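What follows is one structure encoded as C-alpha cells, with my remarks underneath.
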Amino acid sequence: MEIHQLRYFLAVVQTGSFTRGAERANVSQPSLSAQIAKLEDELGGVLFERGRQGARLTARGRLLHTRAGEIIHQLERVQLEMEELEGLRRGGIHLGCLPATGTYLLPPLLQSFTNTHPGLEVELTEASSPGLAGALRNFEVEMAITDEAGLGPGLEADTLFTEPVILALPLGHHLAGPGLAGPGVSLEELKDDSFIMMKQSHGFQKIIRESLEGAGVQPRVVLESGEIETIQGLVAAGLGIGLVPRMIRRDTGLAYRSISGPNSPSRTLFLLYRALDSLSPAARALRQTALRVLRNWPSQSRG
Numbered sequence: 001m002e003i004h005q006l007r008y009f010l011a012v013v014q015t016g017s018f019t020r021g022a023e024r025a026n027v028s029q030p031s032l033s034a035q036i037a038k039l040e041d042e043l044g045g046v047l048f049e050r051g052r053q054g055a056r057l058t059a060r061g062r063l064l065h066t067r068a069g070e071i072i073h074q075l076e077r078v079q080l081e082m083e084e085l086e087g088l089r090r091g092g093i094h095l096g097c098l099p100a101t102g103t104y105l106l107p108p109l110l111q112s113f114t115n116t117h118p119g120l121e122v123e124l125t126e127a128s129s130p131g132l133a134g135a136l137r138n139f140e141v142e143m144a145i146t147d148e149a150g151l152g153p154g155l156e157a158d159t160l161f162t163e164p165v166i167l168a169l170p171l172g173h174h175l176a177g178p179g180l181a182g183p184g185v186s187l188e189e190l191k192d193d194s195f196i197m198m199k200q201s202h203g204f205q206k207i208i209r210e211s212l213e214g215a216g217v218q219p220r221v222v223l224e225s226g227e228i229e230t231i232q233g234l235v236a237a238g239l240g241i242g243l244v245p246r247m248i249r250r251d252t253g254l255a256y257r258s259i260s261g262p263n264s265p266s267r268t269l270f271l272l273y274r275a276l277d278s279l280s281p282a283a284r285a286l287r288q289t290a291l292r293v294l295r296n297w298p299s300q301s302r303g
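Residues 1 to 303, numbered by the UniProt record's numbering, are exactly what the sequence shown covers, in order.
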C-alpha cells in the first residue's frame, strides 16, 4: 500500500467518480484506475461499485475509508518528523565514553554541540574501551570515544588525538623531584617499583604492559582498579606508582614525571561508530563537532 494510492482512493470517494477523482488528484484517469486496481488486489477485494450513478463504496471500501485519512495523516506526520530530524531541529544520539576521560572531554564537546544544536539530546554511557566496542556492536550506543583497546572488526574510527602517558608518584618518592618540567624518567628506572594498574578488562593496562615489557621491565603489580582516579588515590597514599594519561593529572597530592626513551607509552583516542553511512543526522552532527573540538583539545588543555 502506497500513500498516493490512498490519495487517489480518497479523491474518488470525495468526488464520487473516477473521472472527477483523477482531475482532483491531477493524474490521468487510466493511471488512477490502475492504482486503485493495485490497491484492490493488495487488499483482497473490490473497493468501489462502478455504475451509471458513479462510484460507490463497497463494504470493504467503507472500512478502508474509515482508516485512510488517519493513515495519510500519520504518514505525513512521520515524513515531517523525518524532515525535522534531517534539519537537525530535534532528535537524539546515544554516546559512549571512557569515564575519567569523559570528565575532561565531554564538557567542551557537549557545550559546543548543544549551543549549535539545542534541539538534539545526548544520552551518555560510560564504560571501558572493550565494553564500549561491545555496546556499539550490540547497537546499544551509536558512537563512542575510546582508546586503542576499542578498535576492532566491524567498527570504523576517526582519530582524535594522541597524548603521552606520564608517571604518577607519591610525593616522597625518590623520583618525584623535578616534575613534568624536568627531564624524563626511563622505564628501566622503574624495574624495582611496585605498580598500581588498571584492571586488564579496561584495555589501558595492555598499553602500559607493552611499553614496560618493551623496555625489559616485568612490572610487579600490587593493586588493580577499574577507575583511574582510584589508582591516583592509591599512589598518593604511597602504595605504589602508576602510569596515567596526562590529561587526568591532579593539581595536588601527587608528583608527576614525563617518561623518556623509545618505549615511552602514549594513548590515542578515537571516535568509533559502526559505519559512517549508517549514522543518524544527529550523530553526523555530533561527529563533526567532535572532530572540530577534540582534535584541538590538547592545545587548549593544560598541556
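Ideal Cβ positions, reconstructed from N, Cα and C, are used throughout, including at glycine. The structure displayed is predicted, hence computed values, not measured ones.
Whole-angstrom distance between LEU286 and THR116, CA atom to CA atom: Roughly 10 Å between the two C-alpha positions.
Nearest-angstrom Cβ-Cβ length linking LEU276 and ALA290, presumed shorter than 8 Å: In fact, because the Cβ distance is near 13 Å, the residues do not count as touching under 8 Å.
Whole runs of the alpha helix (DSSP H) within the stretch 212-261, excluding any shorter than 4 residues: Taken in chain order, the complete alpha helix (DSSP H) segments of 4 residues or longer contained in the stretch 212-261 are 228-236.
CB-CB length for LEU243 against PRO265, believed under 8 Å: Taking the Cβ atoms as the reference, LEU243 lies roughly 6 Å from PRO265, within the contact range of under 8 Å.
Of the residues ASP158, PRO281, LEU254, LEU136, the one placed nearest HIS173, counting alpha carbons only: Checking every option, the nearest Cα to that of HIS173 belongs to LEU254.
Reduced DSSP category for SER128 - H, G, I as helix; E, B as strand; rest coil: DSSP places SER128 in the coil class of the three-state scheme, outside both helix and strand.
Per-residue DSSP class, three states only, for ASP41: Residue state, collapsed to three classes: helix.
Host alpha helix (DSSP H) of PRO107 (start-end): For PRO107, the enclosing alpha helix (DSSP H) starts and ends at 99-116.
Buried versus exposed, by CB contacts within 10 Å (16 or more), ARG67: With fewer than 16 other Cβ atoms within 10 Å, it is exposed.
Environment of MET1 [buried if 16+ CB atoms lie within 10 Å]: By the neighbour-count rule (16 or more Cβ atoms within 10 Å), MET1 is not buried but exposed.
Limits of the alpha helix (DSSP H) - the one that THR58 falls within: Run containing THR58: none; DSSP gives neither H nor E here.
For LEU190, three-class secondary structure by DSSP: Three-state DSSP puts LEU190 in a helix.
Inter-stretch contact at 8 Å, needing at least 3 Cβ pairs: the stretch 226-242 / the stretch 193-206: Yes, the stretch 226-242 touches the stretch 193-206.
Beta-carbon proximity list for GLN200, same chain, < 8 Å, skipping 5 on both sides: When the five nearest sequence neighbours on each side are left out, the beta carbons in the same chain lying within less than 8 Å of the beta carbon of GLN200 are those of LYS206, GLU224, in order along the chain.
Contact under 8 Å by Cβ, LEU180 with LEU155: Cβ atoms of LEU180 and LEU155: not closer than 8 Å.
Which residues DSSP lists as bridging HIS94, in chain order: DSSP output for HIS94 lists GLU123 as bridge partner(s).
Boundaries of the alpha helix (DSSP H) in which PHE48 is found, first to last residue: Counting along the chain, no alpha helix (DSSP H) covers PHE48; the unbroken beta strand (DSSP E) around it starts and ends at 48-51.
Contact check, MET198 vs ILE166, beta carbons under 8 Å: No, these two residues do not count as a Cβ contact at 8 Å.
Residue from GLN5, ALA34, GLY91 whose Cα sits closest to the Cα of LEU75: In this structure, GLN5 is the residue among GLN5, ALA34, GLY91 with its C-alpha nearest to the C-alpha of LEU75.
Proximity to ALA283 [Cα-Cα], best of ALA11, LEU120, VAL12, ALA55: The residue with the shortest Cα to Cα distance from ALA283 is LEU120.
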